[in-house]
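J.:
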Amino acid sequence: MMKALIKEFEKVVGKDNVFQDETDRATYSYDAAVLEPVLPALVLRPTSSEALGRVVALCNEHGLPLTVRGAGTNLSGGTIPKTGGVVVLTNALNRIIEINEGDLYAVVEPGVVTAKFAAAVEAKGLFYPPDPGSQAVSTLGGNVAENAGGLRGLRYGVTRDYVMGLEFFDVNGDLVKAGARTVKCVTGYNLGGLLVGSEGTLGVFDKITLKLIPMPPAKKAMMAIFSDMNKASETVSAIIAHRIVPVTLEFMDNFTIRAVEDFSHAGLPVDAAALLLIEVDGHPVQVEEDAEKVEALCRQMGAMSVRVAQDAAERDKVWEARRAALSALSRVKPTTVLEDATVPRSKIPAMIRSIEDIAREYQLTIGTFGHAGDGNLHPTILTDKRNKDEWHRVESAIDAIFDKALSLGGTLSGEHGIGLAKSRYLEKETSRGTMLYSRRIKAALDPKGILNPGKIIGE
Ligand SMILES: Cc1cc2nc3c(=O)[nH]c(=O)nc-3n(C[C@H](O)[C@H](O)[C@H](O)COP(=O)(O)OP(=O)(O)OC[C@H]3O[C@@H](n4cnc5c(N)ncnc54)[C@H](O)[C@@H]3O)c2cc1C
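Residue 460 is where the sequence shown ends in our numbering, and the numbering goes up by one at each step.
Structure (structure tokens):
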């Protein structure tokens, strides 16, 4: 990279925030997806809004590909830079600017860690529901750019449902303001709607206004244990069909249960064929009523037993174990491929059966867990990428999983985004017209194609 340009970047972000060493650059060459790393030419760490905007403008002036990076936990290759490009870190832009208890919103910088924000909000008796499994490290900017979901998506929705406003830099470094701090706002185009889930390809978030809600006064969690996987998956559909919407309705197959128990010693029943982890919340009377209904339904559907958490500590232990599922599975083999195929909820039993069939057909180990209540499963293939023959079968199995999900009326990604990993499948789910329309939007807003090139719609 031209020395003069590096000097320019040093002036903007400070010498200490320009990283050129190969070791530093290697740190930002990959993310949580199983894809080849790409070394960026330079890593920059702006510490102010002004510096962030100036960095974007400079990259555009010089035609330098720019990939913004929060915590790098995305599972779709969203932060793998382009060769010769720049990685821009947001971890110094980490202020919670305001938590407004009267109007129920908060304004944050993009590098704020999700769990820190949720805790700060909770300390004021308020609630920010989106809780990706990675929340201990993921950033709110990354959550918005991926439209992240989490365990509470079934009742409370996903990140998109909490974004009231966004301030972002366009490719020229001009600040664009979308949305407002009001409950209702129909002023201008819904630019926030376009930017949420845009994976860093259309603009760079500078400030995010998030909706807060009152903390539900009561909650109750339970674990339903099944000796038959089909019965567990049919119970998911039955709960929804009975018009009960728990906060959380998670599924774990036997392989995942054993891996998690080995990892977290939470007291999970390792002989169960499958588990459902369920939580209901709301007014105490309603919670009691819903919990009783769910428990009765689980038994009716064939659960061997239903354990109701007796206190908050027992409840938290179960959820911590569930959040550890991916980490636990990833200890089993060198390579972990976590998929995100999502189907209409009534199709969960069919999807789970198909994943089992696919594992058998391609002779692979697949642990399945996930947010079954919203149709979002995480079939997790445990493999070793160095084994060429097995890797070839993994690729075929991934194709088969996507084909099955689409044939059941589902979608490629419920929450992990498309990134690089799934861009080649996008047209299969949508249409040629969708691809052309999306590419026209990208070309109009980023004519040189410098904003996170290759993600979502390819190049
Ligand atoms: C163990 C584990 C569990 C997970 N569980 C869940 C889960 O339950 N639900 C879920 O949805 N996901 C989950 N994920 C995936 C991942 O954590 C989410 O996608 C998360 O939102 C990424 O946040 P991040 O800060 O790591 O973003 P990064 O990975 O750094 O970036 C993600 C995308 O956001 C863009 N981006 C980041 N900051 C900005 C910004 N300021 N402006 C514009 N674009 C920006 C990046 O360019 C990239 O395209 C999990 C991942 C792991 C490893």
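All residues carry an ideal CB built from backbone N, CA and C; glycine is no exception.
Tell me the start and end of each unbroken alpha helix (DSSP H) in the region 192-225 that is at least 4 residues and wholly inside, in chain order.
T.: As far as the region 192-225 is concerned, its whole alpha helix (DSSP H) runs of at least 4 residues are 192-196.
J.: Please confirm whether G71 and T48 have their CB atoms less than 8 Å apart.
T.: Your numbering for residue 71 matches position 70 in the sequence shown. Your numbering for residue 48 matches position 47 in the sequence shown. The answer is no: Cβ separation not under 8 Å.
J.: Is the closest heavy atom of ligand 1 to the C-beta of R153 under 7 Å?
T.: Translated into positions along the sequence shown, residue 153 becomes position 152. No, since every heavy atom of ligand 1 falls outside the 7 Å radius drawn around the Cβ of R153.
J.: M253 bridges to which residues according to DSSP?
T.: Counted from its first residue, the sequence shown places residue 253 at position 252. Bridge partners of M253: L276 and F370.
J.: Please determine whether the Cβ atom of D375 lies at a distance below 7 Å from any heavy atom of ligand 1.
T.: Locating residue 375 in the sequence shown gives position 374, where the first residue counts as 1. Incorrect: D375 has no Cβ contact closer than 7 Å to ligand 1.
J.: Quick one: is the Cβ of N462 within less than 7 Å of any heavy atom of ligand 1?
T.: With the chain running from 2 to 460 in the structure shown, residue 462 is simply not present.
J.: Do the region 105-123 and the region 200-212 make contact, defined as three or more Cβ pairs closer than 8 Å?
T.: Cβ pair count under 8 Å is three or more, so yes.
J.: Straight-line CA distance for G158 to T249?
T.: Locating residue 158 in the sequence shown gives position 157, counting from the first residue. Locating residue 249 in the sequence shown gives position 248, counting from the first residue. Those two C-alpha atoms are separated by around 11 Å.
J.: How is R96 classed by DSSP in three states: helix, strand or coil?
T.: For the purposes of this step, residue 96 is taken as the residue at position 95 of the sequence shown. Residue state, collapsed to three classes: coil.
J.: In whole angstroms, give me the CA-to-CA distance for K449 and A179.
T.: As a position in the sequence shown, residue 449 is number 448, starting the count at 1. As a position in the sequence shown, residue 179 is number 178, starting the count at 1. Rounded to the nearest angstrom, the two C-alpha atoms are 23 Å apart.
J.: Please report the straight-line C-alpha distance between M302 and D229, rounded to a whole angstrom.
T.: As a working note, residue 302 is residue 301 in the sequence shown. As a working note, residue 229 is residue 228 in the sequence shown. So the two alpha carbons sit approximately 11 Å from each other.
J.: Taking just the CA atoms, how far does E168 sit from G143?
T.: Numbered from its first residue, the sequence shown carries residue 143 at position 142. Numbered from its first residue, the sequence shown carries residue 168 at position 167. Approximately 15 Å between the Cα atoms of the pair.
J.: Give the range of the beta strand (DSSP E) segment to which N377 is assigned.
T.: The sequence position of residue 377 within the sequence shown is 376, counting from 1. Looking at the DSSP string, the run of the beta strand (DSSP E) that includes N377 is N377 to T384.
J.: Can you check the region 324-350 for any beta strand (DSSP E) of at least 3 residues that lies completely inside it and give the ranges in chain order?
T.: Correct list: 336-339.
J.: Report the start-end ranges of each alpha helix (DSSP H) in the region 55-123 that is 4 residues or longer and not cut off at the edges.
T.: Correct list: 115-123.
J.: Please list, in chain order, all residues of the same chain as M305 whose beta carbon is under 6 Å from its beta carbon, the five residues on each side excluded.
T.: As a working mapping, residue 305 is identified with position 304 in the sequence shown. Excluding sequence neighbours, M305 sits near I226 and S228.
J.: Nearer than 7 Å: is that true of the beta carbon of T236 relative to any heavy atom of ligand 1?
T.: Numbered from its first residue, the sequence shown carries residue 236 at position 235. False, no ligand heavy atom lies under 7 Å from that Cβ.
J.: Contact defined as beta carbons within less than 8 Å: I believe L213 pairs with Y129. What is the distance between those atoms, to the nearest angstrom?
T.: Sequence index remark: in the sequence shown, residue 213 carries index 212 (1-based). Sequence index remark: in the sequence shown, residue 129 carries index 128 (1-based). 6 Å between Cβ atoms; contact.
J.: Give the straight-line distance between the Cα atoms of P335 and A181, rounded to the nearest whole angstrom.
T.: Here residue 335 is taken as the residue at index 334 of the sequence shown, counted from 1. Here residue 181 is taken as the residue at index 180 of the sequence shown, counted from 1. Each residue's Cα considered, the two are about 46 Å apart.
J.: Here's a check: name, in chain order, each residue in its chain whose Cβ is nearer than 8 Å to the Cβ of V14, leaving out the five neighbours to either side.
T.: What you label residue 14 is simply residue 13 of the sequence shown in a count that begins at 1. Closer than 8 Å at Cβ, skipping near neighbours: L45, R46, P47, T48, A52 and V56.
J.: Who does S306 pair with in a DSSP beta bridge?
T.: As a position in the sequence shown, residue 306 is number 305, starting the count at 1. S306 is bridged to I226.
J.: Considering only heavy atoms of ligand 1, does any lie closer than 7 Å to the CB of S139?
T.: As a first step, residue 139 must be located in the sequence shown, where it is residue number 138. Yes; taking the cut-off as 7 Å, the Cβ of S139 has a heavy atom of ligand 1 nearer than that.
J.: Please classify T24: is it buried, with 16 or more other beta-carbons within 10 angstroms of its beta-carbon, or exposed?
T.: Working through the sequence shown from its first residue, we reach residue 24 at position 23. With fewer than 16 other Cβ atoms within 10 Å, it is exposed.
J.: If you drop the 5 nearest sequence neighbours on each side, which residues of the same chain put their C-beta closer than 6 Å to that of P467?
T.: Lying before the first or after the last residue shown, residue 467 is absent from the chain, which here runs from 2 to 460.
J.: How should G376 be labelled, buried or exposed, when 16 other C-beta atoms within 10 angstroms of its C-beta is the threshold for buried?
T.: In the sequence shown, counting from the first residue as 1, residue 376 sits at position 375. By the neighbour-count rule (16 or more Cβ atoms within 10 Å), G376 is buried.
J.: Rounded to whole angstroms, what's the CA-CA distance from V281 to K8? Just pull it up for me.
T.: Taking the sequence shown and counting its residues from 1, the one referred to as residue 281 is at position 280. Taking the sequence shown and counting its residues from 1, the one referred to as residue 8 is at position 7. Each residue's alpha carbon lies about 56 Å from the other.
J.: Measuring CB to CB, does D32 end up less than 8 Å from T74?
T.: Position 31 of the sequence shown, counted from the first residue, corresponds to residue 32. Position 73 of the sequence shown, counted from the first residue, corresponds to residue 74. Yes, Cβ-Cβ distance for D32 and T74 is below 8 Å.
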